[in-house]
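Residue numbering for the sequence shown is -22 to -1, 1 to 234, as defined by mature numbering (1 follows the signal peptide of the UniProt record, and there is no 0). To keep things clear, I will list the structure first and then write my remarks on it.
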Amino acid sequence: MLKSRLLLLSTLALTVSSVAHAELADVRKRGELRVVMSGEYPPFSQPAPDGSLTGFDADVAREIAKRLGVRARLIKAEFPSIIAGLQAGQFDLAVASQSKTPERERAVDFLSRPYYYDGLQLVVPANSSARTLAGLNGRPVAVAQGTVFEKFLRDRKYTNVATYSGEQEIFLALNAGRAAGMITTRTVGSVAIKNGLKLRLAGPVLQQDNPYITLGKNQPQLKAAVEKAMASMRADGTLKRLSLKYLGSDITVPAK
């Protein structure tokens, strides 16, 4: 009986190992890495004039695929559907500026370290006098649905949370006066202001936000290959170069 049970366990272990290894093998056989991102989160991912996706996340995804020896297929999806798509096997990888939370850790795998370092920031119209959430006096604060920005407001029992599909829609809402402020990252707010939007950073960073690349559970071979690609991008300066190109500063290392 013991011998039979050991044989069964050994067979199961080999099966799991084969399936896990096949995940990376399937990507290479397909010749394509399916990478999901919101596509509405400038300067990390947004539509280019030709309809493709551009930005820091988009180019990081392309570079990972290149180092895996395959082409990248970038897929735009609303943020709340990204994790479900990874779980269902619709996407191989998410380069989508996702923060690590206990709920997400139970659903998907995270790489071993963040790929950039940022912080949550209150952003208001340039003519607003508000410097804090309290200073908005309960007026609508806009956030992208399903993000840590929404969680931040709900955890603090903010009474007037307005959810949108992404930052581009939120910028329009701010401009039209439908929202009195937004929670995003300091980098997103700073780049938007630099690009001419009439906005202002209100107060200091609210909390640290260090996003990760994610993938479906139980894919150790694919995860190891992506970890290796990211390590080489850090070592040869590619990640820093992309950060400088799209974000105006190097946020791929923790601030000192």
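Built from N, CA and C at the ideal position, the CB exists for glycine as well.
{"Check": "Buried/exposed call for ASP214, threshold 16 Cβ in 10 Å", "Outcome": "exposed"}
{"Check": "Any 3 or more C-beta pairs closer than 8 Å across the segment 138 to 153 and the segment 90 to 98", "Outcome": "no"}
{"Check": "Counted within 10 angstroms of its Cβ, other Cβ atoms place THR216 as buried (16 or more) or exposed", "Outcome": "buried"}
{"Check": "Inter-residue Cα distance where the pair is ILE42 and PRO103", "Outcome": "37 Å"}
{"Check": "Cα-Cα separation, ALA151 to LYS223", "Outcome": "27 Å"}
{"Check": "Beta-carbon proximity list for ALA3, same chain, < 8 Å, skipping 5 on both sides", "Outcome": "GLN199"}
{"Check": "Close-in-space but distant-in-sequence residues of the same chain around LEU131 (CB under 7 Å, 5 per side omitted)", "Outcome": "VAL119, VAL121, VAL139 and ILE161"}
{"Check": "Same chain, Cβ closer than 7 Å to SER23, neighbours up to 5 away in sequence not counted", "Outcome": "MET15, SER16, GLY17, LEU31, GLY33, ASP35 and ALA36"}
{"Check": "Stretch pair the segment 44 to 64 + the segment 104 to 115: three plus CB contacts closer than 8 Å", "Outcome": "no"}
{"Check": "Extent of the continuous beta strand (DSSP E) run through LYS54", "Outcome": "49 to 54"}
{"Check": "Assigned secondary structure, LEU(-21) (DSSP; H/G/I helix, E/B strand, else coil)", "Outcome": "Residue placement at LEU(-21) cannot be trusted, given a pLDDT of 34 that sits under 50; the coordinates are not used to answer."}
{"Check": "Boundaries of the beta strand (DSSP E) in which ASP187 is found, first to last residue", "Outcome": "177 to 187"}
{"Check": "Three-state class that DSSP yields for LEU89 in the structure shown", "Outcome": "coil"}
{"Check": "Identity of the residue in THR163, LEU225, ASP187 and PRO80 nearest VAL101 by Cα", "Outcome": "THR163"}
{"Check": "In chain order, each alpha helix (DSSP H) run of at least 4 residues that lies wholly inside the segment 8 to 51", "Outcome": "34 to 46"}
{"Check": "ALA170 to LEU98 span [Cα, whole Å]", "Outcome": "15 Å"}
{"Check": "Exposed unless 16 or more other CB atoms sit within 10 angstroms - verdict on TYR187", "Outcome": "The sequence shown places Asp at residue 187, rather than the Tyr named in the question. It counts as buried."}
{"Check": "Contact set for ALA39: own chain, Cβ-Cβ below 8 Å, skip 5 residues either direction", "Outcome": "LEU11, VAL13, MET15, ALA50, LEU52, LEU71 and VAL73"}
{"Check": "Proximity winner among ASP96, LEU225, LYS218 and ASP87, relative to PRO182 (alpha-carbon distances)", "Outcome": "ASP96"}
{"Check": "Rounded straight-line distance, which links the Cα of LYS135 to that of ARG8", "Outcome": "47 Å"}
{"Check": "Option nearest TYR185 by Cα separation, candidates LYS195, SER77 and SER168", "Outcome": "It is worth fixing the name first, because residue 185 is Gln in this sequence and not Tyr. The shortest C-alpha separation from GLN185 is found at SER77."}
{"Check": "Distance, VAL126 Cα to ALA112 Cα", "Outcome": "19 Å"}
{"Check": "Whole-number beta carbon distance between ARG219 and ALA158, since they are thought to touch under 8 Å", "Outcome": "Their Cβ separation, rounded to whole angstroms, is 37 Å, which puts ALA158 and ARG219 out of contact at 8 Å."}
{"Check": "C-beta contact flag for ARG45 and SER221 at 8 Å", "Outcome": "no"}
{"Check": "Residue ranges of each beta strand (DSSP E) within the segment 132 to 181, 3 or longer", "Outcome": "139 to 142 and 159 to 163"}
{"Check": "Backbone secondary structure at TYR94 - three-state DSSP", "Outcome": "coil"}
{"Check": "Inter-residue spacing [alpha-carbon to alpha-carbon] between LYS129 and ARG178", "Outcome": "22 Å"}
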